[in-house]
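The numbering used here puts the sequence shown at residues 82 to 257.
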Amino acid sequence: MTPSPAARADLDLALAPLREAPGGPRWTSPARWHLTLLFLGQVPPDAVDDLVAAAGPAVAPTPPLTLRLAGGGRFGSRRRPQICWAGVSGDGDALTALAARLATAARGLHLPVEERPFRAHLTLGRWRPGRPGDGDLPERLAGYQGPDWPVTEVELLESHLGPEPRYDRVAAWPVG
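Structural data, given as structure tokens:
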């Protein structure tokens, strides 16, 4: 699920002073920002069509959603930060229910699903292991409140890692 262009532009502007701060993460391009509702890792090619078919009914009961990027935090300890993220507020209960339905659909296809609880966030950057990182940096986003945006669709994205990482859209379903 991709935040609106206005939401991404607003957060990008708020991050400008942090981008040059010492000890910051490798920042992700705003063009690649999205909310991950379910991370599946490597999906066997012969399971993709079944995944697309199963995701549609999982998304269908989702009511209209309005979300906002708000605040920030990190995964990892203060001394060894791993991921810098922006928080998500708004229709959180419906978003969490949607993520749970998608996880159930994937489990029904015998795809491995992480067992940790869903936590809505937008990854802003990753710290390199073994390099000094300022784990307090995300606290500068504590008061951040971006503009609301209506969620119009859920996307299935295929990620391609490497020097020029990208996401290819496999399928999408309307929300609401």
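All residues carry an ideal CB built from backbone N, CA and C; glycine is no exception. Owing to the predicted nature of the structure, the values given are computational and were not obtained by experimental measurement.
Residues of its chain near residue i, where Cβ-Cβ distance is below 7 angstroms and the 5 sequence neighbours each way are ignored
i, result
"residue 254", "136, 137, 140, 234, 235"
"residue 92", "150, 167, 227"
"residue 175", "143, 144, 146"
As assigned by DSSP and simplified to three states, the class of residue i
i, result
"residue 252", "strand"
"residue 232", "strand"
"residue 94", "helix"
"residue 185", "helix"
"residue 138", "helix"
"residue 162", "strand"
"residue 242", "coil"
"residue 129", "helix"
"residue 205", "strand"
Residue i vs residue j beta-carbon contact at 7 angstroms
i, j, result
"residue 194", "residue 187", "yes"
"residue 108", "residue 203", "no"
"residue 256", "residue 237", "no"
"residue 152", "residue 168", "yes"
"residue 34", "residue 249", "The displayed coordinates of the chain run from 82 to 257. Any statement about residue 34 would go beyond what the structure contains."
"residue 89", "residue 103", "no"
Cβ shell of residue i (< 6 angstroms), same chain only, five flanking positions each side left out
i, result
"residue 162", "155, 208, 214, 216"
"residue 106", "165, 206, 207, 208"
"residue 199", "177, 180"
"residue 231", "147"
"residue 95", "225"
"residue 247", "241"
Anticipated Cβ contact below 8 angstroms, residue i with residue j, distance rounded
i, j, result
"residue 227", "residue 150", "4 angstroms"
"residue 192", "residue 124", "6 angstroms"
Close-in-space but distant-in-sequence residues of the same chain around residue i (CB under 8 angstroms, 5 per side omitted)
i, result
"residue 129", "251"
"residue 159", "216, 217"
"residue 87", "228, 230"
Is it true that the stretch 142 to 149 meets the stretch 238 to 251, where meeting means three or more beta-carbon pairs spaced less than 8 angstroms apart? no
Stretch pair the stretch 116 to 135 + the stretch 217 to 231: three plus CB contacts closer than 8 angstroms: no
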